[in-house]
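Note sheet for the following structure.
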Amino acid sequence: MTKIKINLADGRSMTAQLDESAAPITCANFLKLVDSNFYNGLIFHRVIPNFMIQGGGMDASLSPKEAKPIKGEFKQNGVNNPITHKLGVLSMARTNDPNSASSQFFICVDDCSFLDGQYAAFGSLVDKESEKVAVDISKVKTTSISWYQDVPYESIVIKSIERV
């Protein structure tokens, strides 16, 4: 199991452990993006209290940064992924296409087990401090910009994501 650290521009961070046995394709893709500094300067562009924070695909101007899509590793797509979507779980965001996940991920800030079997969970935050950072991010003031909703008024910038 590989550990990563999400470093925010404001000095906060979240540490997570990836579960390669549950989602090997997803973890390999995520780590490839981490190792290439793909996430540096991107934002958490969608935050919803009692649900999740989503990032990894847009910069502060909401310009998308694209990555190659991968197979969705979840039950509805024929993959036995045992990770339950609960507080601190990392999972891949996607469109209605089950194989459209690429770089965008979300972190659950509450019990989101209704997502089980539909999204590729691939790891979880490792400590209460990291969970607190994620929950605090989910509570920031948001707005709607163009077709994007739940966008933080002040950008939550990912300075970097690194292996630890």
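Numbering (this note's numbering), first residue to last: 23 to 186.
A virtual CB, placed ideally from N, CA and C, is assigned to each residue, including glycine.
Treat the numbers as computed from the prediction; the structure is a model and nothing was measured.
Original post:
What is the DSSP secondary structure of Phe52, reduced to helix, strand or coil?
Top reply: In the sequence shown, the residue the question calls residue 52 occupies position 30. Here Phe52 sits in helix by DSSP.
Original post:
CB-CB under 8 Å to Ser35, same chain, minus the five flanking residues each way: which ones, in chain order?
Top reply: Mapped onto the sequence shown, residue 35 falls at position 13. Taken in chain order, the residues that qualify are Lys27, Ile28, Asn29, Ser152, Val155.
Original post:
Nearest to Phe66 by alpha carbon, out of Phe60, Ser58, Leu55, Ala82?
Top reply: Along the sequence shown, read from residue 1 onward, the residue named residue 66 stands at position 44. Nearest option by C-alpha distance: Ala82.
Original post:
Would you call the CB atoms of Gly145 and Lys97 closer than 7 Å?
Top reply: Your numbering for residue 145 matches position 123 in the sequence shown. Your numbering for residue 97 matches position 75 in the sequence shown. It is not a contact, given that the beta carbons lie outside the stated cut-off.
Subject >> Residue environment, Thr48, which counts as buried when at least 16 other CB atoms sit within 10 Å >> reply: Position 26 of the sequence shown, counted from the start, is the residue given in the question as residue 48. Burial call: buried.
Subject >> When Ile92, Asp119, Ser43, Cys130 are compared against Gln76, the one with the closest alpha-carbon >> reply: Residue numbering aside, residue 76 sits at position 54 when the sequence shown is read from its first letter. Closest option to Gln76, Cα to Cα, is Cys130.
**OP:** Per DSSP, which residues does Asn29 bridge with? Please list them.
**Re:** Locating residue 29 in the sequence shown gives position 7, counting from the first residue. Beta-bridge pairing links Asn29 to Ser35, Ser182.
Subject >> Same chain only: Cβ atoms within 8 Å of Ala44, ignoring 5 sequence neighbours per side >> reply: In the sequence shown, counting from the first residue as 1, residue 44 sits at position 22. Contacts found: Glu95, Asn103, Pro104, Ile105, Ala143, Phe144.
Original post:
Taking the runs of the beta strand (DSSP E) that are 3 residues or longer, which of them lie wholly in the stretch 103-173?
Top reply: 111-114, 127-130, 143-147, 164-167
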